[in-house]
Structures are given as C-alpha cells and as structure tokens.
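Undergrad: This is the structure, below, for whatever I ask next.
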Ligand SMILES: C[S@@+](CC[C@H](N)C(=O)[O-])C[C@H]1O[C@@H](n2cnc3c(N)ncnc32)[C@H](O)[C@@H]1O
C-alpha cells in the first residue's frame with residue numbers, strides 16, 4: 013500500500029479515493045438491501061470483500077450498513093492476499109469502533125482460491141453461503157493478456173520488453189514512486205500459442221473466442237482469464253440470488269491502452285465483454301454500467317434479477333450517481349486556492365457533507381473551510397479526528413496538524429525578565 017500512495021508523482025489520479033468513498037459503500041449497501049428477502053430478516057448477511065487493501069472501504073461499508081439498519085446482521089469478511097495489510101488495519105484501529113460488535117473478520121485469501129482462507133491466527137475459515145462478494149478495484153491486479161485477432165481464429169499476444177534493466181536492481185519502490193513510469197518499455201506482438209499457455213488460459217479460451225467472434229481481424233482484446241476462473245469458483249460460494257460486484261477503472265473501446273501505472277502499481281484494464289460472455293454461458297445475470305470514471309458490474313447468481321435490485325442499481329449508478337459527484341467535488345476542492353473563493357468553498361463543503369457526512373475526506377474538506385475562515389481551533393479539532401481514521405493520507409494530515417498547532421499556540425507579546 014505504501015508503494016501505491018497518494019503522493020505519487022505520475023499524472024494518473026489514483027482511483028482508490030473513489031472506490032473507497034463513502035457514497036460508493038452506501039450505494040452497495042443499498043443494492044444488497046434491495047436484494048434481501050423480507051421473509052428472512054433475522055438471518056446473517058454474509059459479505060466478502062476481496063483485496064481490501066487499507067480497509068477504508070470496509071470502514072465505510074460498516075458505517076453505511078449502520079445508516080441503513082443492517083449492521084447487526086452482518087458477517088463481513090475483509091480479505092487480502094497480504095496479511096501485512098490486514099495487520100496494519102488492526103494496528104491502526106481502522107475498524108476499532110466495530111470490534112465489540114463482532115461483525116467483521118480479517119482473513120487472507122489468494123484470489124481466485126476461495127477454499128484456502130485463513131484468519132490472522134492461521135485458522136482455516138469456511139467461506140460459503142455468501143450474500144455479496146465485492147471486488148473493489150482489485151480485478152485489475154489479476155493477470156491479463158492483450159491479444160490481437162488474426163485470420164483463421166488465431167491471435168497474437170502483446171509482449172513488453174523493459175530496457176535499461178540495470179535500473180531495477182536495488183530500487184526502492186516505496187520512496188521512488190515514479191519508478192514504473194520512467195521505465196523504457198517497448199511493446200511487440202508475437203504469436204499466441206495456446207499449446208504453450210497455462211491450464212487456466214486453456215480452460216477459458218473458448219469464452220474469449222466466442223466474445224472475439226463479433227470483432228474484426230486486427231482488433232485488440234484483453235484476455236482476463238483469471239477473472240473468469242474467479243467467477244467460476246465463486247458460483248458455488250454464493251447463495252442463490254447472491255451478488256458479485258466488480259468496480260474498476262473503465263476501459264474504453266476506442267482506446268488501445270491495456271494497462272495503466274498508478275504510482276508503482278500496475279492496473280490491467282478489463283474486457284467487460286468477456287465477463288458478459290461468461291455470464292451468458294453460466295446461468296448468471298449481469299447489470300452493467302460504465303462512464304468516464306468507473307465501470308460497475310453486478311453479477312447475480314440467478315437467471316432473473318429481483319425488480320427492486322434492478323431499480324436500486326439504476327438509482328445508485330444511473331440517475332443520481334453520488335460517486336461521481338464525490339469525485340468532482342474532490343477535484344474542485346483541490347483547485348480552490350484564493351481566500352476570495354471562501355463562499356464557493358462553503359458551497360462545495362456543504363454539498364460534500366450532504367452526500368458523505370462520514371468519511372475522512374469530507375471531514376478534511378470541512379477542516380479546509382475552517383482554515384480558510386481562520387477558525388484554526390475548529391480546523392485543528394477536525395484534523396485530529398481525521399488522523400484517527402485516515403490511514404492513506406497520514407503524512408498529509410500530520411503536516412496540517414503541525415501547521416495549525418503553530419498557528420494556535422498562544423504567543424506572548426512581552427516577556428517579564
Ligand atoms: C489496487 S489495490 C485496491 C485496494 C482497495 N480495494 C482499494 O480500492 O483501495 C488491490 C488490492 O488487491 C490485493 N490483491 C492483489 N492481488 C491479489 C490476489 N491475487 N488475491 C487477493 N488480493 C490481491 C492487493 O494486495 C491490494 O490490496
């Protein structure tokens with residue numbers, strides 16, 4: 013997580029601000045609620061989050077579940093491949109206020125293997141009967157192969173060559189966040205030989221073939237075979253009507269890009285069509301939507317989605333997408349610099365509170381406003397509260413606290429000798 017930091021020097025804005033946002037968590041909780049059966053109102057609601065990273069999304073999900081009145085029924089499994097991240101979540105107390113309720117557990121899970129899940133003490137955990145599985149900005153971390161269609165049903169695959177490999181030795185990927193974007197990478201297309209491919213690629217190649225059948229020769233596609241295997245294993249773990257939600261960076265049809273660098277991490281773009289093709293062949297259903305900020309895919313373990321769920325999906329992502337409002341407010345807040353714009357700042361901060369009264373970012377925005385009107389004591393109290401819950405922006409908040417402490421310390425105008 014340190015190598016994937018908000019202080020990265022490259023120009024792509026890091027999408028985890030949006031994926032982890034409170035409005036996003038609230039939208040998912042509302043969809044989950046819309047999908048629950050009213051008859052079953054006493055049973056546990058089992059949720060698995062994959063690749064939970066710094067735990068901010070989990071925190072917001074639990075807060076949103078509280079707001080929507082389903083917190084006590086939750087069994088939330090917060091998982092990541094990295095036990096280190098999970099320990100940091102524990103040590104920093106990100107979910108401390110929910111600890112006594114016993115509504116969450118921290119577990120290691122190496123996608124796509126859902127049968128090998130352990131808690132931090134090493135006890136094996138059985139994951140089944142899940143109501144909801146969340147892959148929030150995670151699928152792009154999984155292997156993918158860019159392919160180009162040739163005549164006769166064959167493909168070329170993209171290979172990357174990194175020159176100047178003397179760079180790579182002894183490189184500190186945490187202190188040098190611009191490292192990946194400085195690499196000299198050349199790309200070339202070579203023949204994709206299925207006989208040499210991994211077992212997983214072979215197993216799902218027919219899905220790629222059938223989704224590629226609508227595309228002309230020469231077109232580039234992405235073979236996200238890991239996500240197909242993941243969905244395949246997940247079918248048995250989901251309850252009937254259970255949900256699998258994927259949130260990721262949108263991939264644009266017209267763009268030839270297959271991957272992005274965010275600081276020192278690589279994000280592989282999705283091939284949404286491939287996922288739709290898999291769903292079509294597996295008695296599942298999908299609700300999908302994409303804009304320039306995000307791709308939202310909701311896969312349902314049923315042949316027909318519930319009417320309430322379809323409506324919730326539409327109202328959360330299509331009619332009034334608060335996730336996008338959130339994103340745009342953050343961008344605007346970052347450009348307001350002049351003290352003359354304080355009214356504009358107030359307007360944005362109030363709007364921010366309306367869609368997200370809970371997250372560290374909305375609190376920080378409130379702090380900015382109090383700083384702008386020179387109410388330093390209130391601003392300092394706000395930043396101290398933020399420091400307790402924001403793990404990713406620790407350095408930034410610390411700097412603000414130090415600056416305000418120096419401004420609020422009473423100064424003596426004379427000394428008695
Ligand atoms: C881009 S980060 C996203 C973190 C968080 N969900 C967010 O939105 O900020 C991807 C996360 O997926 C985890 N991850 C990567 N590959 C994984 C795998 N094969 N199995 C489980 N987790 C994985 C990483 O450790 C990391 O925490």
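Numbering (our numbering), first residue to last: 13 to 429. We put the beta carbon where it would ideally sit given N, CA and C, even for glycine. All figures in this text were calculated on a predicted structure; none of them were measured in a lab.
How many whole angstroms separate the CB atoms of residue 221 and residue 164, which I take to be in contact at a CB cut-off of 8 Å?
TA: With a Cβ gap of about 12 Å, residue 221 and residue 164 do not count as contacting.
Undergrad: What did DSSP end up calling residue 19 once you bin it into helix, strand or coil?
TA: Any answer about residue 19 is weak, because its pLDDT of 47 lies below 50 and its placement is not dependable; what the coordinates show is given next. Three-state DSSP puts residue 19 in coil, outside helix and strand.
Undergrad: Would the beta-carbon of residue 257 fall within 8 Å of that of residue 413?
TA: Cβ atoms of residue 257 and residue 413: not closer than 8 Å.
Undergrad: Which residue from 204, 79, 379 and 225 puts its Cα closest to that of residue 157?
TA: Checked all of 204, 79, 379 and 225; the closest Cα to residue 157 is 204.
Undergrad: Tell me whether the beta-carbon of residue 63 lies closer than 8 Å to the beta-carbon of residue 119.
TA: Taking 8 Å as the Cβ cut-off, residue 63 and residue 119 do not qualify as a contacting pair.
Undergrad: Can you give me the Cβ contacts of residue 20 inside the same chain, cut-off strictly under 6 Å, excluding the 5 residues immediately before and after it?
TA: Its pLDDT being 45, under 50, residue 20 is placed unreliably by the model, and nothing is read from it.
Undergrad: If we ignore side chains and look at the alpha-carbon of each, how far apart do residue 76 and residue 30 end up?
TA: Approximately 15 Å, taken between the alpha carbons.
Undergrad: Looking only at its own chain, which residues have a Cβ that is under 8 Å from the Cβ of residue 24, when we skip the five neighbours before and after it?
TA: At residue 24 the pLDDT is 46, less than 50, meaning the model places this residue with poor confidence; the figure from the coordinates comes in the next sentence. Taken in chain order, the residues that qualify are 272, 273 and 274.
Undergrad: Alpha carbon to alpha carbon, what distance is there between residue 201 and residue 22?
TA: Summary for residue 22: the model assigns pLDDT 42, below 50, so the residue's position carries little reliability; its value from the coordinates is reported in the next sentence. Cα-Cα distance, rounded: 27 Å.
Undergrad: Mapping the DSSP letters down to three states, classify residue 126 as helix, strand or coil.
TA: Residue state, collapsed to three classes: coil.
Undergrad: So what's residue 24 in DSSP terms, helix, strand or just coil?
TA: Below a pLDDT of 50, predicted positions are generally treated as unreliable, and residue 24, at 46, falls in that range; the measurement from the model is reported next regardless. Correct three-state label for residue 24: coil.
Undergrad: What's the C-alpha gap between residue 61 and residue 85?
TA: Roughly 16 Å separates the two Cα atoms.
Undergrad: For residue 246 and residue 134, I'd like the C-alpha separation in whole angstroms.
TA: Roughly 22 Å between the two C-alpha positions.
Undergrad: Please report the distance separating the alpha-carbon of residue 415 from that of residue 322.
TA: Near 48 Å, if we compare the C-alpha coordinates of residue 322 and residue 415.
Undergrad: With DSSP as the reference, label residue 62 as helix, strand or coil.
TA: Residue state, collapsed to three classes: strand.
Undergrad: Indicate the three-state DSSP secondary structure (helix, strand or coil) for residue 158 in the structure shown.
TA: Looking at residue 158 - three-state DSSP - the assignment turns out to be strand.
Undergrad: Can residue 161 and residue 218 be called in contact, C-beta distance under 8 Å?
TA: Contact: no.
Undergrad: So what does DSSP say about residue 252, is it helix, strand or coil?
TA: Three-state DSSP puts residue 252 in a strand.
Undergrad: I'd like the list of long-range same chain contacts for residue 336, defined as Cβ closer than 6 Å, with 5 residues on each side in sequence excluded.
TA: Closer than 6 Å at Cβ, skipping near neighbours: 305.
Undergrad: State buried or exposed for residue 317, treating a residue as buried only when at least 16 other CB atoms are found within 10 Å of its CB.
TA: With 16 or more other Cβ atoms within 10 Å, it is buried.
Undergrad: Do three or more CB pairs link the region 337-351 to the region 361-376 at distances below 8 Å?
TA: Touching, yes, given that three or more Cβ pairs across the two stretches are closer than 8 Å.
Undergrad: At 3 residues or longer, and completely inside the region 86-119: list those beta strand (DSSP E) runs for me, N to C.
TA: Here the runs fully enclosed are 86-92.
Undergrad: Looking only at its own chain, which residues have a Cβ that is under 8 Å from the Cβ of residue 80, when we skip the five neighbours before and after it?
TA: Cβ neighbours of residue 80 beyond the five flanking positions: 38, 41, 42 and 45.
Undergrad: For a test of your reading of the model: does the CB of residue 210 fall under 7 Å from any non-hydrogen atom of ligand 1? Yes or no.
TA: No, ligand 1 has no heavy atom inside 7 Å of this Cβ.
Undergrad: Excluding the 5 residues flanking residue 314 on each side, which residues of the same chain have their C-beta closer than 7 Å to its C-beta?
TA: Only 252, 253 and 297 meet the Cβ criterion.
Undergrad: Report whether the distance from the Cβ of residue 166 to the nearest heavy atom of ligand 1 is below 7 Å.
TA: It does not: the Cβ of residue 166 is nowhere closer than 7 Å to a heavy atom of ligand 1.
Undergrad: Using alpha carbons as the reference points, say which of 122, 83 and 199 lies closest to residue 113.
TA: The candidate whose alpha carbon is nearest that of residue 113 is 83.
Undergrad: Taking only runs that begin and end inside the region 280-353, name each unbroken beta strand (DSSP E) of 3 or more residues, in chain order.
TA: List check, beta strand (DSSP E) in window: 297-302 and 307-312.
Undergrad: Return helix, strand or coil for residue 135, following the three-state DSSP convention.
TA: Reduced to three states, the DSSP call for residue 135 is coil.
Undergrad: Please tell me whether residue 388 and residue 345 are closer than 8 Å, where the distance is taken between their beta carbons.
TA: It is not a contact, given that the beta carbons lie outside the stated cut-off.
Undergrad: Could you tell me the distance, in whole angstroms, from the CA atom of residue 361 to the CA atom of residue 350?
TA: Taking the straight line from one Cα to the other gives about 16 Å.
Undergrad: Below 8 Å on the Cβ atoms is my contact criterion, and I expect residue 312 with residue 240 to pass it. Report the Cβ-Cβ distance as a whole number of Å.
TA: The pair is not a contact, with the Cβ atoms about 17 Å apart (cut-off 8 Å).
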